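>
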Amino acid sequence: QPKWASLLGLAYRARKVITGEELVIKEVRSGKAKLVLLSSDASSNTEKKITDKCSYYNVPIMKVENREQLGHAIGKDERVVLAVLDDGFAKKLKTLLH
Numbered sequence: 028q029p030k031w032a033s034l035l036g037l038a039y040r041a042r043k044v045i046t047g048e049e050l051v052i053k054e055v056r057s058g059k060a061k062l063v064l065l066s067s068d069a070s071s072n073t074e075k076k077i078t079d080k081c082s083y084y085n086v087p088i089m090k091v092e093n094r095e096q097l098g099h100a101i102g103k104d105e106r107v108v109l110a111v112l113d114d115g116f117a118k119k120l121k122t123l124l125h
């Protein structure tokens, strides 16, 4: 398991990660999302929606390989998009995912 995935798992257990398109968009809007992770195999519709929202609200967005990887990192089934709600975790994840 890559380093970023372990860190994401840690953030998730600390309740600093939310998943699901609608919830992520809500947190981006509210300014609580510090980083959004999107799987590279997201539908183009989802990708556009998330990317537009993130750029409008200046939330950094990073791609990971696939939805299995994203879900596995937090010990769940496939996840297409999730948001990190903590500055510390977000900064560290950015350095690991560059």
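For any residue, its number in our numbering is found by taking its place in the sequence shown, counting from 1, and adding 27.
We put the CB at the ideal spot given by N, CA and C, even for glycine.
Computed from a predicted structure; not experimentally measured.
If you draw a straight line from the alpha carbon of Ser33 to that of Glu92, how long is it in whole angstroms?
15 Å
> Assess contact between the segment 42-49 and the segment 104-117, defined as three or more Cβ pairs (one per stretch) separated by less than 8 Å. Is contact present?
yes
> Would Gln96 be called buried (16 or more neighbouring beta carbons within 10 Å of its own) or exposed?
Burial call: buried.
> Could you compute how far the alpha carbon of Lys76 sits from the alpha carbon of Val51?
11 Å
> Taking Cβ positions, are Gly58 and Tyr84 nearer each other than 9 Å?
Gly58 is a Cβ neighbour of Tyr84, given a cutoff of 9 Å.
> Taking a contact to mean a Cβ-Cβ separation below 9 Å, would you say Val107 touches Leu62 in this structure?
no
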